[in-house]
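2 protein chains.
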Amino acid sequence: MRSANSDSKKKHRATIKDVARASGLSSATVSRVLSGYEFVKDGTRSRVMEAVEQLGYVASLPARSLAGGRSRIIGLLVPNLDNGYVGTITQGIDKALSSANCDLVLYTSHRQPSKETYYVNAITNGITEGLLLIAPQFTSTYLAALRERDFPYVLIDQADPTGNSGVVEATNYQGAYEATRYLCKLGHTRIAFIAGALKVHSAAERLRGYKAALAECGIPSSKKLILDGDYQQQGGYEATKHVLSNVDPPPTAVFASNDISAFGAMDAAREHGFSIPDDISIVGFDDVPQTSLVYPKLTTVRQPLEQMGQAAAEMLLERIEDRSRPPQRITLATHLVVRDSCTPPKLQRGERRSPFTETGGSVLPTN
Amino acid sequence: MRSANSDSKKKHRATIKDVARASGLSSATVSRVLSGYEFVKDGTRSRVMEAVEQLGYVASLPARSLAGGRSRIIGLLVPNLDNGYVGTITQGIDKALSSANCDLVLYTSHRQPSKETYYVNAITNGITEGLLLIAPQFTSTYLAALRERDFPYVLIDQADPTGNSGVVEATNYQGAYEATRYLCKLGHTRIAFIAGALKVHSAAERLRGYKAALAECGIPSSKKLILDGDYQQQGGYEATKHVLSNVDPPPTAVFASNDISAFGAMDAAREHGFSIPDDISIVGFDDVPQTSLVYPKLTTVRQPLEQMGQAAAEMLLERIEDRSRPPQRITLATHLVVRDSCTPPKLQRGERRSPFTETGGSVLPTN
DNA sequence: CAGTGAATTGAAAGCGTTTACAATTTGATG
DNA sequence: CATCAAATTGTAAACGCTTTCAATTCACTG
């Protein structure tokens, strides 16, 4: 109604045929030029490019991928978006993908809580060439379907029990070990541990690291100090609340399986009248951006989230190029980042300072 | 190589023809059933559904959208992902989209810094049915291209100068006005303002609100107290650093155009030896999740980010359904959320407390 | 029981690419 | 100059779906 073009005809976007016509070639040749085929005359190539430029032509994604070409779209399955964790990883993914000229489709895993398989079906039947999964909980359901389709995917911060998947993770065991050891060396002997969702591989590894460090420092690990958690702030809060009111004497330090639950622990400690770090030391895991926003700044184990995202995206791209390549596993190093949330414990009546007092390990300078 | 199927043949995913064959109908009928066409016999419908179920059939997205069907994919153009701002909005978008059974393709705007138009071309030629833009800076370039294609889109937290776009935003002017007024009523008379990137509409509005409140409270606004900012933490830090060292007497309060730059202001204030809120009050804008993580908890103007995302997604969906619908504009209310970062100013020698002392306005209870 | 319009289904034409396959050119060789 | 392989381009067949168009079937009406 409101159009008043000279040519009339609703302006259709340019198709490959338009380019072919404009350059006096066949659409096959145009396609070849555009997909970088080798055997095209230079003159032809430039004629095509000129027409493309002039018409503002961009290939239709659906058509291209229907015809078997590459869609250059990668799927990303995330559990949520509200904390920096996923955002930071995604940043890395985006970096790698944008240099490979790929786009990202976001899937949130809460979406079809029941029928995961259907969901995976939907993803793999889409325009997506591959899938990145950030710390998925239901690996078994997903992975079976994915592999059955021979669909390229990479797990981020989660292991595949069968070991058949591409995986990018960090040294969870080692990181937890170092953090716990750090607390021991500060003189803490009652160190509570807030576990993550234990079906997630990283959570189990961190627990292992915690126990190992305790053992090495000659501190018996106590069931009462190992608390259930779920990687959420609320969970960290409740666990800490519980341990402070029910365990006597209370722990002098809390090692939370991730930063988010460490934030919850901080809340609970303060609510309990404890000041951080004077009355209780707190350590987190991940080093999400918020760690240096909280007060006091949180000492934590840095997981190179952005790099992990980047590495995973690159791995996926390689798998897409070469389907035969066997699944790799990349483990990136974690580092303890010492900030302001830890200090040696106050001595209670009758307590002696533990023999470990030097600091050690691969400790990064304060940030 | 490793397959051992009875039928052999690399297992192709089921197509519509397979379903047709399995149900003894034509693919046209299957298509009709699947797209909810009205005039299909109940018996037919159930035969189709059965076959679909049995084969685990999911329609191919590329094929469907090539053929003119709906792809149910929405594009989202974001400036970045590292702060909670975008994440929270996206959460809302995701909520609305998932109830409409749509997926999300993520585009980051830094990607093609030079040729935006090409970028828009690429987006609109893709599988995307519509586009959501979060606070885009280069509206003019984008919008022209978008409108020329008659491509449905909605702006979030950014206005279109020409007023031809669907827009979802918050009461920026009003929010800034209330926050400033709140500071005035606490007794502050030297209130610094850290501006946002002024090409973003919201930033300009917030500045307007600040000035208006000052005027109403009879406080002359001073150029020296209006600082350049860019909505980034670093910018807030530098602006505050600057104003504290170069303006005498220094401001007793800082109103930052968004939370992120308020965090920067907090850093700078502390670095300058000021304690918050005793020596200086600070107010932010947005109410990102981090606000209650920082110490002291930040008093801020809450922008209903999640709701904004949701509203925008819904608006876009409507526009897609009915292209003729004129562009709407939704403005959601902001509220001042009082936390711990503000207090009446300490009186300097010779100063009198300002006449405004009651609190007022639409103030939400502390959180 | 013929007639009529609605309900129901099928056949086949695209949608815009990619990609065998085939045809034509070109260049070098003998 | 004939010959052969390589280089270059075109033709046309998919890809898997939606959607006209037409055909068939139904349910009534008169």
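Protein chains in written order, with our numbering: chain A, 1369 to 1735; chain B, 1369 to 1735. All residues carry an ideal CB built from backbone N, CA and C; glycine is no exception.
Span separating the alpha-carbon of B:Ile-1594 from that of A:Ile-1628
Here residue 1594 of chain B refers to the residue found at position 226 of the second sequence. Here residue 1628 of chain A refers to the residue found at position 260 of the first sequence. Cα-Cα distance, rounded: 36 Å.
Reference B:Leu-1445, options B:Asp-1655, B:Glu-1606, B:Ala-1563 and B:Val-1488, closest by Cα
Residue numbering aside, residue 1445 of chain B sits at position 77 when the second sequence is read from its first letter. Ranking the options by Cα distance to B:Leu-1445, first place goes to B:Val-1488.
Collapsed DSSP secondary structure at B:Ala-1435 in the structure displayed:
Indexing the second sequence from 1 puts residue 1435 of chain B at position 67. DSSP places B:Ala-1435 in coil when its eight states are reduced to three.
Give the DSSP bridge partners of B:Thr-1668, in chain order.
Taking the second sequence and counting its residues from 1, the one referred to as residue 1668 of chain B is at position 300. Paired residue(s): B:Gly-1652 and B:Val-1705.
Once the 5 residues before and after B:Thr-1397 are set aside, which same chain residues still bring their CB inside 6 Å of it?
Counted from its first residue, the second sequence places residue 1397 of chain B at position 29. Closer than 6 Å at the Cβ level, and outside the excluded window around B:Thr-1397, lies no residue.
Hey, A:Arg-1389 and A:Val-1401: beta-carbon distance below 8 Å or not?
Reading the first sequence from its first residue, position 21 is the one you call residue 1389 of chain A. Reading the first sequence from its first residue, position 33 is the one you call residue 1401 of chain A. Not a contact, by the Cβ cut-off of 8 Å.
Quick check: the region 1515–1524 of chain A against the region 1538–1557 of chain A, are there 3 or more CB pairs under 8 Å?
no
Return the CA-CA distance between A:Cys-1710 and A:Leu-1566, expressed in angstroms with no decimal places.
Here residue 1710 of chain A refers to the residue found at position 342 of the first sequence. Here residue 1566 of chain A refers to the residue found at position 198 of the first sequence. Their Cα atoms are separated by approximately 26 Å.
Going by DSSP in three states, A:Tyr-1605 sits in which element: helix, strand or coil?
As a position in the first sequence, residue 1605 of chain A is number 237, starting the count at 1. A:Tyr-1605: helix per DSSP, three-state reduction.
Between which two residues does the alpha helix (DSSP H) harbouring A:Glu-1537 extend?
As a position in the first sequence, residue 1537 of chain A is number 169, starting the count at 1. Per DSSP, A:Glu-1537 belongs to no alpha helix (DSSP H); it is in the beta strand (DSSP E), 1534–1538.
Reducing DSSP to helix, strand and coil, say where A:Phe-1561 ends up.
Sequence index remark: in the first sequence, residue 1561 of chain A carries index 193 (1-based). Of the three classes helix, strand and coil, the one that applies to A:Phe-1561 here is strand, per DSSP.
Is the region 1584–1599 of chain A in contact with the region 1672–1688 of chain A, if contact means three or more CB pairs nearer than 8 Å?
no
Beta-carbon spacing of B:Pro-1619, B:Arg-1693 below 8 Å:
Along the second sequence, one-based indexing puts residue 1619 of chain B at 251. Along the second sequence, one-based indexing puts residue 1693 of chain B at 325. No, the pair does not count as a contact, with Cβ atoms beyond the cut-off.
Members of the region 1616–1635 of chain A near chain B, C-beta cut-off 7 Å:
Phe-1631
What are the residues that DSSP puts in a beta bridge with B:Leu-1402?
Within the second sequence, residue 1402 of chain B is the residue found at index 34, counting from 1. DSSP, once it has assigned bridges, lists no residue as partnering B:Leu-1402.
For A:Phe-1631, the first and last residue of its enclosing alpha helix (DSSP H)
Indexing the first sequence from 1 puts residue 1631 of chain A at position 263. Looking at the DSSP string, the run of the alpha helix (DSSP H) that includes A:Phe-1631 is 1627–1639.
From B:Thr-1702 to B:Pro-1672, what distance separates their C-alpha atoms?
In the second sequence, the residue the question calls residue 1702 of chain B occupies position 334. In the second sequence, the residue the question calls residue 1672 of chain B occupies position 304. The alpha-carbon atoms of B:Thr-1702 and B:Pro-1672 are separated by roughly 7 Å.
Alpha-carbon to alpha-carbon, B:Gly-1437 and A:Glu-1573:
Translated into positions along the first sequence, residue 1573 of chain A becomes position 205. Translated into positions along the second sequence, residue 1437 of chain B becomes position 69. About 47 Å.
Checking contacts by CB at 8 Å: is A:Ser-1433 closer than that to chain B?
Reading the first sequence from its first residue, position 65 is the one you call residue 1433 of chain A. Closer than 8 Å: yes.
Less than 8 Å between CB atoms is the rule here; does B:Val-1522 satisfy it with respect to chain A?
Position 154 of the second sequence, counted from the first residue, corresponds to residue 1522 of chain B. No, its Cβ sits nowhere closer than 8 Å to a Cβ of chain A.
Can you give me the Cβ contacts of A:Lys-1385 inside the same chain, cut-off strictly under 8 Å, excluding the 5 residues immediately before and after it?
What you label residue 1385 of chain A is simply residue 17 of the first sequence in a count that begins at 1. Result list for A:Lys-1385: Ser-1395, in chain order.
Quick one: using the 10 Å Cβ neighbour count with 16 as the cut-off for buried, is B:Arg-1319 buried or exposed?
Since the first residue shown for chain B is 1369 and the last is 1735, residue 1319 of chain B is missing from the structure and cannot be characterised.
Test item: CB-CB of B:Arg-1638 and B:Thr-1667 under 8 Å
Position 270 of the second sequence, counted from the first residue, corresponds to residue 1638 of chain B. Position 299 of the second sequence, counted from the first residue, corresponds to residue 1667 of chain B. The answer is no: Cβ separation not under 8 Å.
Taking Cβ-Cβ distances shorter than 9 Å, what residues in chain B pair up with A:Tyr-1405?
The residue given as residue 1405 of chain A occupies position 37 in the first sequence. None at all; the shortest Cβ gap to chain B is about 21 Å.
Identify which residue in A:Gln-1696, A:Lys-1714 and A:Val-1611 has its Cα closest to the Cα of A:Gly-1531.
Mapped onto the first sequence, residue 1531 of chain A falls at position 163. Among A:Gln-1696, A:Lys-1714 and A:Val-1611, the Cα nearest to that of A:Gly-1531 belongs to A:Gln-1696.
Below 8 Å, how does it come out for the region 1489–1496 of chain B and the region 1651–1667 of chain B: are there three or more Cβ pairs, yes or no?
no
Between the Cα of B:Val-1454 and the Cα atoms of B:Ala-1503, B:Leu-1511 and B:Thr-1507, which residue gives the shortest distance?
For this step, residue 1454 of chain B is matched to residue 86 along the second sequence. The option with the nearest alpha carbon to B:Val-1454 is B:Ala-1503.
Answer with yes or no whether the minimum CB distance from A:Ile-1644 to chain B is below 8 Å.
One-based indexing of the first sequence puts residue 1644 of chain A at position 276. No, A:Ile-1644 lies away from the interface with chain B (no Cβ there is under 8 Å from its Cβ).
Kindly give me the distance between the Cβ atoms of A:Ser-1613 and A:Ala-1563, rounded to whole angstroms, as I take these residues to be in contact under 8 Å.
As a first step, residue 1613 of chain A must be located in the first sequence, where it is residue number 245. As a first step, residue 1563 of chain A must be located in the first sequence, where it is residue number 195. Contact flag wrong, Cβ pair sits at about 19 Å.
Apart from the five residues just before and just after B:Asp-1598, which ones in its own chain have a Cβ nearer than 6 Å to its Cβ?
To locate residue 1598 of chain B, count along the second sequence from 1; it is residue 230. Only Ala-1565 meet the Cβ criterion.
Cβ of A:Lys-1463 versus every heavy atom of the ligand SAM: is any distance shorter than 7 Å?
This structure does not include the ligand SAM; it has no bound ligands of any sort.
Anything in chain A within Cβ reach of B:Tyr-1475, meaning under 9 Å, just list it in chain order.
Position 107 of the second sequence holds residue 1475 of chain B. Asp-1471 and Leu-1472, listed in chain order.
Distance, Cα to Cα, A:His-1640 vs B:Leu-1704?
Along the first sequence, read from residue 1 onward, the residue named residue 1640 of chain A stands at position 272. Along the second sequence, read from residue 1 onward, the residue named residue 1704 of chain B stands at position 336. Spanning the two alpha carbons is a distance of roughly 29 Å.
Taking B:Leu-1551 as the reference, give the member of B:Val-1669, B:Leu-1472, B:Val-1408 and B:Leu-1500 with the closest Cα.
Locating residue 1551 of chain B in the second sequence gives position 183, counting from the first residue. The shortest C-alpha separation from B:Leu-1551 is found at B:Val-1669.
Can you tell me whether A:Ser-1643 is buried or exposed? The criterion is at least 16 other CB atoms within 10 Å of its CB, across all chains shown.
As a working note, residue 1643 of chain A is residue 275 in the first sequence. Exposed.
Less than 8 Å between CB atoms is the rule here; does B:Ser-1466 satisfy it with respect to chain A?
Looking up residue 1466 of chain B in the second sequence gives position 98. Closer than 8 Å to some Cβ of chain A, the Cβ of B:Ser-1466 qualifies, so yes.
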